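Q: Residue numbers (our numbering): 1 to 440.
Built from N, CA and C at the ideal position, the CB exists for glycine as well.
These figures come from a predicted structure and were not determined experimentally.
Let me give you the structure first, and then I'll get to my questions.
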């Protein structure tokens, strides 16, 4: 045990004292926040600058009031004619020219509408123009059909379904979205940690193997202790880096808001996409009571147990995959040769993320989501996505037991490969060779 702790300490200190590690630990949060600030500034400038569109209305159906838009400045060029308007728009800063033709019916007019531009126009601009024209033409067609628009408007019913469970406790429509965000964030974080720091374990083994330092080290400790020491030491360094990142990012966000009056959280709202704008409009319509219900439901989420499960799956998932990375590092002489062994390691991670996103969002308690939350190689990601929706305790227990047993088996197999592989040089390893090492 003492030798294992010494190896963990050595591996941890060698990582945190590395110049690249120190620079990236403090530089990465600055770069991340800088990118967010750049997105905010660029998006703000694009939103605040309205698009300019000229139009020629040969149909005579539209008035200037019909082209009332918050994001597009329309210029009426109907009087100068279509041909002259094309020349003017080509030589101006307008994004394009909208032409509404003359027609015998609304349908003919709608089919003949064209938008001319020098380059491909923005899809948001085209969508906004289509919505304005569609609203006007539909109203005109209903009037021509003898439909009373006032009665039609009065016949509309505003329906807002209130959610509650069978005990009468109210629920919010947004809580499922928050659960999805929590689960996806947790699963994605585990995947990134495994990819970054699992590969770090592998590179560490390859470096010591190629430099022949490993021959001196294993004269004092067992290969199994060395492998575990590398895994735990790298995990400790990774967690330290993650904690520093979180602390620095929080300090930068708070500092920018307090000292400079810059709200970097606007990045989440500074998206000109129409779907996002519609979601924002729906958010504004939420009543104060529903906001209170949402806040209450957030507090009622099992946050403590979710955090505990996150730590368990986080550690077991990392240890499981890191042992595989260590075995791969011991089996090859350079990082290029690792590619043939990486697919079986990366495939379960990719499947976990894919099935988590594809199934948990739509049906968190379905058969596919449940099965993949039990399979040890995908459970750290999929189960964490399911937990915010409420998972029976026995499923979590079975999943953790399977994950722990698989970790023990994988560590035993990885140790067999590691024990032989760290002393093998100059020979290309394949899966058949690995099977022989496991049987030694």
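What distance in whole Å lies between the Cβ atoms of residue 246 and residue 197, which are believed to be in contact at a cut-off of 8 Å?
A: The residue given as residue 197 occupies position 197 in the chain shown. The residue given as residue 246 occupies position 246 in the chain shown. The Cβ separation is near 16 Å, so there is no contact.
Q: Report the option in 125, 16, 3, 4 whose CA atom is closest to the CA atom of residue 241.
A: For the purposes of this step, residue 241 is taken as the residue at position 241 of the chain shown. Ranking 125, 16, 3, 4 by Cα distance to residue 241 puts 16 first.
Q: How many Å lie between residue 343 and residue 109 at the Cα?
A: The residue you call residue 343 lines up with position 343 of the chain shown. The residue you call residue 109 lines up with position 109 of the chain shown. When only Cα atoms are considered, residue 343 and residue 109 end up about 57 Å apart.
Q: Under a Cβ-count criterion, where at least 16 other Cβ atoms within 10 Å of its own Cβ denotes burial, should residue 77 be classed as buried or exposed?
A: Position 77 of the chain shown, counting from 1, holds the residue named residue 77. Burial call: buried.
Q: Take residue 142 and list the residues in its own chain whose beta-carbon comes closer than 8 Å to its own, dropping the five residues that flank it on each side.
A: For this step, residue 142 is matched to residue 142 along the chain shown. Here the set comprises 149, 152.
Q: Using DSSP with H/G/I as helix, E/B as strand and the rest coil, what is residue 332?
A: Taking the chain shown and counting its residues from 1, one reaches residue 332 at position 332. Coil, per DSSP.
Q: Please state the DSSP three-state secondary structure of residue 327.
A: Against the chain shown, residue 327 aligns to sequence position 327. The answer is helix: DSSP assigns residue 327 an H, G or I state.
Q: Taking the beta carbon of residue 57 as the centre, do at least 16 other beta carbons fall within 10 Å, making it buried, or is it exposed?
A: Taking the chain shown and counting its residues from 1, one reaches residue 57 at position 57. So residue 57 counts as buried.
Q: Select from 376, 253, 429 the residue whose C-alpha is nearest the C-alpha of residue 37.
A: Position 37 of the chain shown holds residue 37. Nearest of 376, 253, 429 to residue 37, Cα basis: 253.
Q: Bridge partners for residue 73 per DSSP, in chain order?
A: What you label residue 73 is simply residue 73 of the chain shown in a count that begins at 1. Paired residues: 52.
Q: Below 8 Å between beta carbons: does that hold for residue 304 and residue 3?
A: As a first step, residue 304 is located in the chain shown; it is residue number 304 there, counting from the start. As a first step, residue 3 is located in the chain shown; it is residue number 3 there, counting from the start. No, the Cβ-Cβ distance between residue 304 and residue 3 is not below 8 Å.
Q: Going by CA-CA distance only, name the one from 204, 393, 397 that's closest to residue 18.
A: Taking the first residue of the chain shown as position 1, residue 18 is located at position 18. Of the listed residues, the one whose Cα sits closest to residue 18 is 204.
Q: Is residue 98 helix, strand or coil by DSSP?
A: Working through the chain shown from its first residue, we reach residue 98 at position 98. Of the three classes helix, strand and coil, the one that applies to residue 98 here is strand, per DSSP.
Q: Quick check: the Cα distance between residue 390 and residue 188, rounded to an integer number of angstroms?
A: Within the chain shown, the letter at position 390 stands for residue 390. Within the chain shown, the letter at position 188 stands for residue 188. Their backbone Cα atoms lie some 19 Å apart in a straight line.
Q: Taking the continuous alpha helix (DSSP H) assigned at residue 82, which residues delimit it?
A: Translated into positions along the chain shown, residue 82 becomes position 82. Going by DSSP, residue 82 is part of the alpha helix (DSSP H) stretching over 82-90.
Q: Can you name the start and end residues of the beta strand (DSSP E) that residue 67 belongs to?
A: Stepping through the chain shown from its first residue, residue 67 is reached at position 67. No beta strand (DSSP E) contains residue 67, which DSSP labels as neither H nor E.
Q: Among 330, 75, 336, 357, which one has its Cα closest to the Cα of residue 423?
A: Taking the chain shown and counting its residues from 1, the one referred to as residue 423 is at position 423. It is 330 whose Cα lies nearest to the Cα of residue 423.
Q: Taking only three categories from DSSP, how would you classify residue 357?
A: Against the chain shown, residue 357 aligns to sequence position 357. Helix, per DSSP.
Q: By Cβ distance below 7 Å, which residues in the same chain neighbour residue 399 in space, the five residues on each side in sequence not counted?
A: If you number the chain shown from 1, residue 399 lands on position 399. Result list for residue 399: 373, 374, 379, 383, in chain order.
Q: Measure how close the beta-carbons of residue 507 and residue 202 come, nearest whole angstrom, since I'm counting them as under 8 Å.
A: Outside the modelled stretch of the chain, which goes from 1 to 440, sits residue 507, for which no answer is possible.
Q: Is the region 113-123 touching the region 94-101 in the sense that three or more CB pairs, one from each, lie closer than 8 Å?
A: Because the criterion of three Cβ pairs below 8 Å is met, the region 94-101 and the region 113-123 touch.
Q: Just list the residues that DSSP pairs residue 115 with in beta bridges.
A: Position 115 of the chain shown, counted from the start, is the residue given in the question as residue 115. In DSSP, residue 115 forms a bridge with 98.
Q: Rounded to whole angstroms, how far is the Cβ of residue 12 from the Cβ of residue 236, which I believe are closer than 8 Å?
A: Within the chain shown, the letter at position 12 stands for residue 12. Within the chain shown, the letter at position 236 stands for residue 236. Distance from residue 12 to residue 236 at the Cβ level is roughly 5 Å; contact confirmed, criterion being Cβ atoms closer than 8 Å.
Q: Count the other C-beta atoms from every protein chain shown that fall within 10 angstroms of the C-beta of residue 230, then say buried if there are 16 or more, exposed otherwise.
A: Residue mapping note: residue 230 aligns to position 230 of the chain shown, counting from 1. Under this definition residue 230 is a buried residue.
Q: Shortest alpha-carbon distance to residue 115 belongs to which of 107, 146, 210, 133?
A: In the chain shown, the residue the question calls residue 115 occupies position 115. Of the listed residues, the one whose Cα sits closest to residue 115 is 133.
Q: Looking at residue 51: is its Cβ nearer than 8 Å to the Cβ of residue 72?
A: As a first step, residue 51 is located in the chain shown; it is residue number 51 there, counting from the start. As a first step, residue 72 is located in the chain shown; it is residue number 72 there, counting from the start. In contact: residue 51 and residue 72 (Cβ atoms closer than 8 Å).
Q: Taking 6 Å as the limit between beta carbons, can you name the residues of its chain near residue 439, skipping five residues before and five after?
A: Start at 1 with the first residue of the chain shown, and residue 439 comes out as number 439. The answer is none, since no qualifying residue turns up.
Q: Quick one: give me the first and last residue of the alpha helix (DSSP H) that residue 123 is part of.
A: For the purposes of this step, residue 123 is taken as the residue at position 123 of the chain shown. Where residue 123 is concerned, the enclosing alpha helix (DSSP H) stretches over 123-144.
Q: Is DSSP giving residue 57 helix, strand or coil here?
A: Taking the first residue of the chain shown as 1, we reach residue 57 at position 57. Note: residue 57 maps to strand in three-state DSSP.
Q: Out of 387, 346, 350, which has the shortest C-alpha to C-alpha gap to residue 364?
A: Start at 1 with the first residue of the chain shown, and residue 364 comes out as number 364. Nearest option by C-alpha distance: 387.
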